[in-house]
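Protein chains in written order, with our numbering: chain A, 18 to 129; chain B, 18 to 129; chain C, 18 to 129; chain D, 158 to 655; chain E, 158 to 655; chain F, 158 to 655. Below is one structure, written out as structure tokens, with a few remarks after it.
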Amino acid sequence: MKIVMAIIKPFKLEEVRDALTGIGVHGLTVTEVKGYGRQKGHTEIYRGAEYAVSFLPKLKIEVAVSASDVDKVVAAIAGAAKTGQIGDGKIFVTSIEHAVRIRTGETDIDAL
Amino acid sequence: MKIVMAIIKPFKLEEVRDALTGIGVHGLTVTEVKGYGRQKGHTEIYRGAEYAVSFLPKLKIEVAVSASDVDKVVAAIAGAAKTGQIGDGKIFVTSIEHAVRIRTGETDIDAL
Amino acid sequence: MKIVMAIIKPFKLEEVRDALTGIGVHGLTVTEVKGYGRQKGHTEIYRGAEYAVSFLPKLKIEVAVSASDVDKVVAAIAGAAKTGQIGDGKIFVTSIEHAVRIRTGETDIDAL
Amino acid sequence: MTKSNLSRWGFAGLALAAAASLVEPALAQAPAAAPTPPKPNSGDTAFVLFSAYFVLMMAIPGLALFYGGLVRAKNMLSVLTQVFVIVALVSIIYVTYGYSLAFTSGGGLNSFIGGFSKAFLMGVDTNSTAATFSNGVVIPEFAFIIFQMTFACITPALIVGAFAERVKFSALLLFTVLWVTFIYFPMAHMVWYWAGPDAIADAVKAVAAAGTDAAAKAAAEAKLAAVKADAGLIYSWGALDFAGGTVVHINAGIAGLVGCIVLGKRIGYGKELMPPHSLVMTLIGAALLWVGWFGFNAGSNLEANGTAAMAAINTFVATGAATLSWLFVEWAAKGKPSLLGAASGAIAGLVAVTPAAGFAGPMGSIILGLIAGGVCFIFCSTVKNTFGYDDTLDVFGIHGVGGIIGAIGTGILVSQALGGSGVPDYESKPGELAVAAYEFGTQVWAQIKGVLLTVVWSGIGSFVIFKIVDVIVGLRVTADREREGLDLAEHGERAYNL
Amino acid sequence: MTKSNLSRWGFAGLALAAAASLVEPALAQAPAAAPTPPKPNSGDTAFVLFSAYFVLMMAIPGLALFYGGLVRAKNMLSVLTQVFVIVALVSIIYVTYGYSLAFTSGGGLNSFIGGFSKAFLMGVDTNSTAATFSNGVVIPEFAFIIFQMTFACITPALIVGAFAERVKFSALLLFTVLWVTFIYFPMAHMVWYWAGPDAIADAVKAVAAAGTDAAAKAAAEAKLAAVKADAGLIYSWGALDFAGGTVVHINAGIAGLVGCIVLGKRIGYGKELMPPHSLVMTLIGAALLWVGWFGFNAGSNLEANGTAAMAAINTFVATGAATLSWLFVEWAAKGKPSLLGAASGAIAGLVAVTPAAGFAGPMGSIILGLIAGGVCFIFCSTVKNTFGYDDTLDVFGIHGVGGIIGAIGTGILVSQALGGSGVPDYESKPGELAVAAYEFGTQVWAQIKGVLLTVVWSGIGSFVIFKIVDVIVGLRVTADREREGLDLAEHGERAYNL
Amino acid sequence: MTKSNLSRWGFAGLALAAAASLVEPALAQAPAAAPTPPKPNSGDTAFVLFSAYFVLMMAIPGLALFYGGLVRAKNMLSVLTQVFVIVALVSIIYVTYGYSLAFTSGGGLNSFIGGFSKAFLMGVDTNSTAATFSNGVVIPEFAFIIFQMTFACITPALIVGAFAERVKFSALLLFTVLWVTFIYFPMAHMVWYWAGPDAIADAVKAVAAAGTDAAAKAAAEAKLAAVKADAGLIYSWGALDFAGGTVVHINAGIAGLVGCIVLGKRIGYGKELMPPHSLVMTLIGAALLWVGWFGFNAGSNLEANGTAAMAAINTFVATGAATLSWLFVEWAAKGKPSLLGAASGAIAGLVAVTPAAGFAGPMGSIILGLIAGGVCFIFCSTVKNTFGYDDTLDVFGIHGVGGIIGAIGTGILVSQALGGSGVPDYESKPGELAVAAYEFGTQVWAQIKGVLLTVVWSGIGSFVIFKIVDVIVGLRVTADREREGLDLAEHGERAYNL
Ligand SMILES: Nc1ncnc2c1ncn2[C@@H]1O[C@H](COP(=O)(O)OP(=O)(O)O)[C@@H](O)[C@H]1O
Ligand SMILES: Nc1ncnc2c1ncn2[C@@H]1O[C@H](COP(=O)(O)OP(=O)(O)O)[C@@H](O)[C@H]1O
Ligand SMILES: Nc1ncnc2c1ncn2[C@@H]1O[C@H](COP(=O)(O)OP(=O)(O)O)[C@@H](O)[C@H]1O
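This is the structure:
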């Protein structure tokens, strides 16, 4: 099993979710994060003080999937989250060794 | 070493923490997340507009443990976080290759 | 490729970011988390009720880097985030199998 | 030397009636002698109107925020909605029949409740006037009504704090209708209904004018007795309550205590963390309550004069003293002086000075505040924990306890020897406000009787109403809905989408 | 038996002028006969000043928060800034030329607009007075000006809700300058400019005094006709508007509707979630609007008397009724009673009772509120969705629709048969306020004409102004900036850094 | 032709004393001649009371939120607690000895400070009166006291902004006690203590009545001199300060500057991001300050009349002008118009117009606002950065600088040639308020002297007090506690649990 972790632009969440349900993935977890990268931030000014803010709001999506589904899932996310403009984000894939559904105790693929 | 990552219902945090300290695990990191899965969301209505909200508040717990403790930890979390109702969440286990305690520079098992 | 995940004290963010850019790492993702560990929390009192709060605000930093850069990155973070006092946090390293830059579709090292 | 005007609100409209009845005999005798009825002046009218607006501001947004900040974020909107809708609901009830039940004669039941003669504000127009506490001074009856209305609106809203985070919204609405009808309006009538200064002066003068004619004298004396008897029960006991310590605070505090016991504790109470979700909102609420309370206390004087100004100062310093008192006691007992402590102390002081505002002096008010701050702290932190009831926002610990301290303290601090204004007397010098002799035992006993009747009336009455509502719609939401939070479960909204 | 004083605000300064002109002939004849001009009393002055402060509080922070809470967090500051800066901007415009355009004679254009004789408040000093609605009662002209000024400040701020989350800040400022100049000041003049009760009484008395001398009589009658003709167009139609239902609410509601159509929908409208980011702020705003609206409505009486008190009660209960009405209709239609529903209902009630506040009775006001709450709910939830325009914060659905309900309702509820005060008449008993005969058809038609002119004037005028502004600076921010949020894009700030 | 009444607050109680002293000789001569002392009227009383409530609302929640929103979330409650508890603390001090020190005669020290004759409000009752600025007009002394009290409560609260986020709570309380005692009450006495218009008129008339009798004339003249000399130092210099520009704003601004230098910079200042945690709270605070400031400025007139109304308008338009001024200067200089800029400009305008409110005309006030907005922007953005002191919330940059602009501007704009009201003169027409000849140099120099004394008194005095407090309890929290945030470290609470 794998975890696909994607950093995306916040307003792309609904599209990504729809793309995933479109390919049969019905579970995911979302975290609000701040991202630093090539995309340039903005300047905030409060009375005298100017702050160059380089961290931008992003969403991190984590989806646990069977190894065989990984490519489909990555493609779905990449397709839905793309605007073509800098800051669209990244997708990372890691292995998970074990999964449990707390409610039932089912494990691994059955847990997803 | 492994990282045990669990998605749980928010009000179960204290019980999970207690279960973990009960088995000698004294460190963990918690993140507020939003989960999408089988558990159904709710509808919000603001004047004319109805929103079907399918993301529910969850907590993500991450615990780094030695490989030998993983099963104990998974069992402790699964036991404490269970209500038996849909949406109780998941536990995922991944490997970590390296760990450092910033304060002391200790590494791996000593860092936990 | 690896993901270096660090839990640090919040006010150390700027220094860590600077240290990373200093060694040529120009992307990272930050999450607000709450940590539980050796560092003792505080007590909050609201009228009659006393709450021992053991979760402390921390930041989680995730940096995806090529395997060869890992040690440099870990050292940079460890150096910048250190105050020498309890609660400085941890660094964990995991493998990632695959990376994609959503904007361009570039993969793996090129995606970082 | 008898006491009268022991509470502070007049019988609206009677002033007009009295004036009218004066005109008739005068016309019969000699046109030149016809006294013209007093007219409201713009200063008092503006004063009472703005005081009413301030009392509304106490409720919304004041009380709503004070309470709302203390609950968990998932229940924020439920508290705000409860307070807001209670205000709306009671305003309609008030003009429909509430004012009439509180401030008209109730015939045979007059000791306890008024009648329906002014239902739908029948007969009230822009020329109607209401008595104040000075002879010959009146205000527009509409101004008196709106001022009184705000009191009726805020009192049931105070109660919701006791069982916040678990009450069903529909149950609360039904409870509110029943509670104001059977508990609040009778209490208001018992404490505040009387004939007004001019009616008393006229009756006393008529006795004097009757001279040696035995029959005329007997008639005049009977009339005087009737005028004096035309008052609510607690008023007639001589209990002093300047701005509503019994009617509003003890009344709400007891109802809250009963309610939180009947509903039971919140899920997780004592086990889970339930810190206030935004003390910032609580601070805004506390500050607006403080500011608005001047409308409540000084406004209860119904005239913009030196007594109103004194009531305002008393309100200010009692609050300041109670703030410091709670803060320092907490600092000593718990190690840290908290904002919530300061704000809670302020409310305790405001509650305690409410019945005393126009009767005590500033130094007496400071002492009242110091006591209220410390004692309420002990109730909220120790007594509640000992008994284990879940009075979510300490309605009993602050309004009930603070109200009782204030009610009894008023009986002491009114003494001129302690810098108070003395017990008012409208009879010995008819047409003027004199001061009656102060007797400690008598006065304090009158205060205690008032408190006891309030406790019994509100305690038993509220209990019965809670049980009725529980049978009809159920008082409490299901455990699932309580976990989810009332905002989503009951109202379909979330407070914050940041 | 003719009607006059059909709106509620007098021609400031004319009282002074009239008084002065009275003094001259008196001096010419006999010094002893010189009538002294009326002087303001402190009660009315305090009343009007505090009413003005309350209206300012409605705008900031009231309206700013009510609106701000409903937008997404990334646009919060933009809304707050818009309201705050509009108030600042219009205050300067108002003393510079706005007051003069609204409340002086406009010569040949007098039906539509005033002139520049009081530009820069020329000639106004601490002794100048303005007429009220009672003969012989005046207030300091400065008090009248500040009260009026707050109305001019809040009206354009109401409009911003219609195109929030996408308008360019510079465009909004330019729009505001043009809109108050060409839409608001003329509307204020058309509805509120008249000669005042004393001028009318004097002219009527002069006709009577002219006696049988035909020439003198003709001259006096011509003078009377001139005094009566010295009024704005809508006023002269006999349309009643106590506190600004047409000038403020319909006017802003229509401008908002036009604006949101001209600017177009927000990106993602109907597709993305756009829930209110903080209903807590919206509640605070709604509560402060409710509280402050007493300044708006009762303050419009310009005197602290029984009518002001009645206007206050009407304001209270219409709001209470509309709150309940929206809440229960929503509960029935959507399954849950929401805080936003209650708050929206309250505003709808406040809007609807605005023109009626001093004319209807309390029971009539309750009915008005019940209707406004339900109908506005339907407009905001069904009609808007049907037509598909993106009136972000329902400026049209609440202010436009509620204003029209109120304007027409006023024409019905003023009837004494329905508990109203009757249509005022300053002529039949010169020097006193009498009541004119009520004719349903005439009055309702006058109201409808007033509404129609407002809709046309504001609709066409606002459209032209939006187009001009669009050409000069562009009305809308770029899509990128809209995505980023106006707070960062337009103001360089973020609302929350928690 | 001499000037008097150069400041705006009367010597409370002296009116009563004067009246009493008039009664005695009258009785000795002929009972018929006894003049009755003036009585307060309800309009002025209501006006002053509500003005006091508004000033309290400026402090809590206004100032608390304005400041609180600007700090980081971890220090939010500390700021709120500081402001709230300062208000509570100073209210007790004020009635205990503060009022007496400010508004009674200080014997030999009378130029600098009053005495203890009214400690514990001894001798003040509901019939006591205080002078206003019109002959023959008084208000209840309790009303004067509560109004003055709110000024004393808000002034030290202004200072906390300068060293927010690092001061120890216990140190702040001790500082407050010492600062109001040794800095504020003397300043209030020096600027506002005088004999009142009636005392002066009586003395002047006595001189005239003395006729040709040389001895009597000499006695009467000596009496007049004594009455005029019975005033605070700055007052006697002829410096004009309508509502407290020196006593409140410059005083607090200088104390803040000294404080932030003595305490040193915050950890991380200039290196870490320290953006305001909630500009929404800052906006609410700014709006309530604006609204409440009418109580402060117009209320300082102590009577509800045309001058009060003019002061209110001046307050409004100066604020509007300064808002626009800061906004546009910032827009030009930094590229974006910010909400914080608009709000800061508003406060700068309010500060600047404070001393001028009743003396300048509306157009003069606009100019004052335009200047204040721009200059304060430069101080807060450029000067502060240049000198590098860490005045956390720009207490000096806004209150100090704005106060000085206003104080000196008042000396110019009071000129009738510039639309001002002219310098008041109570002597040339005893019993009436006349206007003294305006001399630019004299007046501006008087203003500058007032400013200089304030700067010196507050600068040196505050420095000494900070040092004393530092020795006794330590001014600053430890670095660890500063990092953790004062909310948890000092108060054991967190502002938000969302
Ligand atoms: N090396 C990295 N490790 C972790 N997260 C990264 C890394 N580089 C970028 N990110 C995340 O991806 C987001 C987008 O990256 P950015 O370089 O701005 O644009 P793009 O993805 O278009 O190249 C960043 O805001 C950050 O959250
Ligand atoms: N495939 C998945 N990947 C990541 N997180 C998931 C996945 N499926 C579910 N989750 C997380 O687990 C939570 C609970 O899942 P859900 O399907 O609602 O109930 P249950 O765990 O009882 O089957 C979700 O809210 C989501 O946060
Ligand atoms: N076993 C663990 N797994 C995950 N996170 C941990 C673990 N132990 C500690 N942490 C995180 O590291 C933070 C610092 O740990 P702590 O024990 O307080 O101090 P130190 O790192 O100095 O030993 C914690 O607040 C928590 O967020």
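Every residue gets a Cβ at the ideal spot worked out from N, C-alpha and C, and that includes glycine. Remember, predicted model here, so these are calculated numbers, not experimental data.
On the CB-based measure, 16 or more other CB atoms within 10 Å of its CB, does Glu596 (chain F) come out buried or exposed?
Position 439 of the sixth sequence, counting from 1, holds the residue named residue 596 (chain F). Exposed.
Report yes if the C-beta distance between His648 (chain E) and Leu496 (chain F) is below 7 angstroms; otherwise report no.
Locating residue 648 (chain E) in the fifth sequence gives position 491, counting from the first residue. Locating residue 496 (chain F) in the sixth sequence gives position 339, counting from the first residue. In contact: His648 (chain E) and Leu496 (chain F) (Cβ atoms closer than 7 angstroms).
Ile24 (chain A) beta carbon near ligand 5 (any heavy atom closer than 6 angstroms)
Ligand 5 is absent from the structure shown, which contains only ligand 1, ligand 2 and ligand 3.
For a test of the three-state rule: what should DSSP assign to Thr635 (chain D), helix, strand or coil?
As a working note, residue 635 (chain D) is residue 478 in the fourth sequence. In the structure shown, Thr635 (chain D) sits in coil (DSSP, three-state: anything other than H, G, I, E or B).
Using a threshold of 7 angstroms, state whether the C-beta atoms of Gly367 (chain F) and Ala360 (chain F) are closer than that.
Here residue 367 (chain F) refers to the residue found at position 210 when the sixth sequence is read from its first residue. Here residue 360 (chain F) refers to the residue found at position 203 when the sixth sequence is read from its first residue. The sequence given here has Ala at residue 367 (chain F), not Gly. No, the Cβ-Cβ distance between Ala367 (chain F) and Ala360 (chain F) is not below 7 angstroms.
Need the endpoints of the beta strand (DSSP E) that His115 (chain C) sits in, please.
For the purposes of this step, residue 115 (chain C) is taken as the residue at position 98 of the third sequence. Segment His115 to Arg118, the beta strand (DSSP E) holding His115 (chain C).
What would DSSP say about His59 (chain A), mapped onto helix, strand or coil?
Within the first sequence, numbered from 1, the residue matching residue 59 (chain A) stands at position 42. His59 (chain A) falls in the strand class under three-state DSSP.
Could you check where the beta strand (DSSP E) with Leu45 (chain A) kicks off and where it finishes?
Position 28 of the first sequence holds residue 45 (chain A). Note, Leu45 (chain A): beta strand (DSSP E), Leu45 to Tyr53.
Using a threshold of 7 angstroms, state whether the C-beta atoms of Val448 (chain F) and Met214 (chain E) are closer than that.
The residue given as residue 448 (chain F) occupies position 291 in the sixth sequence. The residue given as residue 214 (chain E) occupies position 57 in the fifth sequence. In contact: Val448 (chain F) and Met214 (chain E) (Cβ atoms closer than 7 angstroms).
Is Arg64 (chain A) a contact residue of ligand 3, with contact defined as CB to any heavy atom under 6 angstroms?
Counted from its first residue, the first sequence places residue 64 (chain A) at position 47. Arg64 (chain A): no, Cβ never under 6 angstroms from ligand 3.
From D:Tyr350, D:Asn292, D:Val334 and D:Ser235, residue whose alpha carbon lies closest to that of Ser257 (chain D)
As a working note, residue 257 (chain D) is residue 100 in the fourth sequence. Nearest C-alpha to Ser257 (chain D): D:Tyr350.
Among F:Ala443, F:Gly607 and F:Ser268, which has the Cα closest to the Cα of Phe399 (chain F)?
Here residue 399 (chain F) corresponds to residue number 242 of the sixth sequence, with the count starting at 1. Comparing Cα-Cα distances from Phe399 (chain F) to each of F:Ala443, F:Gly607 and F:Ser268, the minimum goes to F:Gly607.
Please tell me whether Tyr53 (chain C) has its Cβ less than 7 angstroms away from any Cβ of chain D.
By 1-based counting over the third sequence, the position of residue 53 (chain C) is 36. For Tyr53 (chain C), the answer is no, since every Cβ of chain D falls outside 7 angstroms of its Cβ.
Could you work out which residue in C:Lys19, C:Ile20, C:Ala69 and C:Ile25 is closest to Ile103 (chain C) when comparing CA atoms only?
For the purposes of this step, residue 103 (chain C) is identified with residue 86 of the third sequence, where counting begins at 1. Out of C:Lys19, C:Ile20, C:Ala69 and C:Ile25, C:Ile25 has the C-alpha closest to the C-alpha of Ile103 (chain C).
Which of helix, strand or coil DSSP assigns to Val294 (chain F):
In the sixth sequence, the residue the question calls residue 294 (chain F) occupies position 137. Looking at Val294 (chain F) - three-state DSSP - the assignment turns out to be coil, as it is neither helix nor strand.
Contact test: Thr46 (chain A) Cβ vs ligand 2 heavy atom, cutoff 6 angstroms
Start at 1 with the first residue of the first sequence, and residue 46 (chain A) comes out as number 29. Yes, Cβ of Thr46 (chain A) sits closer than 6 angstroms to a heavy atom of ligand 2.
Cβ of Gly104 (chain C) within 6 angstroms of any heavy atom in ligand 3?
Translated into the one-based positions of the third sequence, residue 104 (chain C) becomes position 87. Flag set: Cβ of Gly104 (chain C) near ligand 3.
Which of helix, strand or coil DSSP assigns to Leu430 (chain F)
Taking the sixth sequence and counting its residues from 1, one reaches residue 430 (chain F) at position 273. In the structure shown, Leu430 (chain F) sits in coil (DSSP, three-state: anything other than H, G, I, E or B).
Ligand 3 and Glu49 (chain B): does the residue's C-beta get closer than 6 angstroms to at least one heavy atom of that ligand?
Translated into the one-based positions of the second sequence, residue 49 (chain B) becomes position 32. Answer for Glu49 (chain B): no, Cβ out of range of ligand 3.
Hey, quick one: how far does the alpha helix (DSSP H) through Tyr256 (chain F) stretch, first residue to last?
Here residue 256 (chain F) is taken as the residue at index 99 of the sixth sequence, counted from 1. Taken as a continuous stretch (DSSP letters only), the alpha helix (DSSP H) holding Tyr256 (chain F) covers Tyr256 to Phe260.
heavy atom of ligand 2 below 6 angstroms from Lys99 (chain B) C-beta:
Along the second sequence, one-based indexing puts residue 99 (chain B) at 82. No, ligand 2 has no heavy atom inside 6 angstroms of this Cβ.
Report whether the distance from the Cβ of Ala400 (chain E) to the nearest heavy atom of ligand 3 is below 6 angstroms.
In the fifth sequence, the residue the question calls residue 400 (chain E) occupies position 243. No, Cβ of Ala400 (chain E) sits at least 6 angstroms from all heavy atoms of ligand 3.
Hey, Gly413 (chain D) and Ile316 (chain D): beta-carbon distance below 7 angstroms or not?
Reading the fourth sequence from its first residue, position 256 is the one you call residue 413 (chain D). Reading the fourth sequence from its first residue, position 159 is the one you call residue 316 (chain D). In contact: Gly413 (chain D) and Ile316 (chain D) (Cβ atoms closer than 7 angstroms).
Along chain C, in chain order, which residues have C-beta atoms closer than 7 angstroms to that of Glu429 (chain F)?
Position 272 of the sixth sequence, counting from 1, holds the residue named residue 429 (chain F). Near Glu429 (chain F) (Cβ distances below 7 angstroms), the residues of chain C are Phe28 and Glu31.
Would the beta-carbon of Leu129 (chain C) be found less than 6 angstroms away from any heavy atom of ligand 1?
Along the third sequence, read from residue 1 onward, the residue named residue 129 (chain C) stands at position 112. Under cutoff, so the answer is yes.
Which partner residues of Ile288 (chain E) appear in the DSSP bridge assignment?
Reading the fifth sequence from its first residue, position 131 is the one you call residue 288 (chain E). Here residue 288 (chain E) is Ala; the residue named in the question, Ile, does not match the sequence. In DSSP, Ala288 (chain E) forms a bridge with E:Val295.
Please confirm whether Gly560 (chain E) and His434 (chain E) have their CB atoms less than 7 angstroms apart.
Translated into the one-based positions of the fifth sequence, residue 560 (chain E) becomes position 403. Translated into the one-based positions of the fifth sequence, residue 434 (chain E) becomes position 277. No, Cβ-Cβ distance for Gly560 (chain E) and His434 (chain E) is not below 7 angstroms.
Contacts that His59 (chain C) makes with chain F (C-beta to C-beta distance below 7 angstroms)
In the third sequence, counting from the first residue as 1, residue 59 (chain C) sits at position 42. The contacting residues are Leu645.
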